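Asks:
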Amino acid sequence: MDIAGVVLAVLSEGDRLVALVITLKDARSEIEDRVAKIQSHWVRTQAQLDFAKRAWIGLSKDHRTIQLSTLKRLQSKVESAEHRIQGLIGKQTRATATPDQKLKIKRMKYLFVKPCLDSVIDDLVQWQTLYDPTFYLMMKIASPIIDAELQRKDPGASREANCCAAISKKGPERP
1 MDIAGVVLAV LSEGDRLVAL VITLKDARSE IEDRVAKIQS HWVRTQAQLD FAKRAWIGLS
61 KDHRTIQLST LKRLQSKVES AEHRIQGLIG KQTRATATPD QKLKIKRMKY LFVKPCLDSV
121 IDDLVQWQTL YDPTFYLMMK IASPIIDAEL QRKDPGASRE ANCCAAISKK GPERP
């Protein structure tokens, strides 16, 4: 499976998961807090996945293999979370039911909602940490001016001082 297909599948599953947890929002304030965390983590995950698609071509083969494996793990976790949450939500199918009644939480399952949401949050946090593209971004934004300054040998200065000097020469604008 290619990166675009995996990313699309993960995004689709995650969007369904977020839609499901939003239905839990009005249940209790503790659950509402967890729903907000899941929504926040999902926005960050979407940004990471978007970056993954755009940066894919620039990754080494080994890096792509690891990233694809990591993406598939996320997809599996999101699918599992979606199924668990669907099991906690009772659907009314009566035509006379109000929109609020169509999706409601089964009262007896409240005990399972919080741990399930906590598990979703933990899974998203762990994945984001594992998939963090920060180091790759740092390598890609290196300025040629900074590189040139670091290569110059100033016998009286440390590498850190040379780097700081290069940054200050460059100024606040980035290429």
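For the sequence shown, our numbering begins at 1 and goes up steadily by one. Positions of the beta carbon are idealized from the N, C-alpha and C atoms, including for glycine. Since the model is a prediction, treat every value here as computed from it, not as a measurement.
For Val6 and Gln86, what's the separation of their Cα atoms in angstroms?
Replies: Whole-angstrom Cα-Cα distance: 22 Å.
Asks: Hey, how far is the Cα of His83 from the Cα of Ala52?
Replies: For His83 and Ala52, the distance between alpha carbons rounds to 26 Å.
Asks: Exposed or buried, which one is Gln126 when buried takes at least 16 other CB atoms within 10 Å?
Replies: Classification for Gln126: exposed.
Asks: Reducing DSSP to helix, strand and coil, say where Asp118 ends up.
Replies: Here Asp118 sits in helix by DSSP.
Asks: How would you label Leu49, buried or exposed, when you count the other beta carbons within 10 angstroms and need 16 or more for buried?
Replies: Result: buried.
Asks: Return helix, strand or coil for Asp193, following the three-state DSSP convention.
Replies: The requested residue 193 is not part of the displayed model; the chain covers only 1 to 175.
Asks: With DSSP as the reference, label Thr93 as helix, strand or coil.
Replies: Reliability of the predicted coordinates at Thr93 is poor, the pLDDT of 46 falling under 50, and the value obtained from them is presented with this limitation in mind. Thr93: coil per DSSP, three-state reduction.
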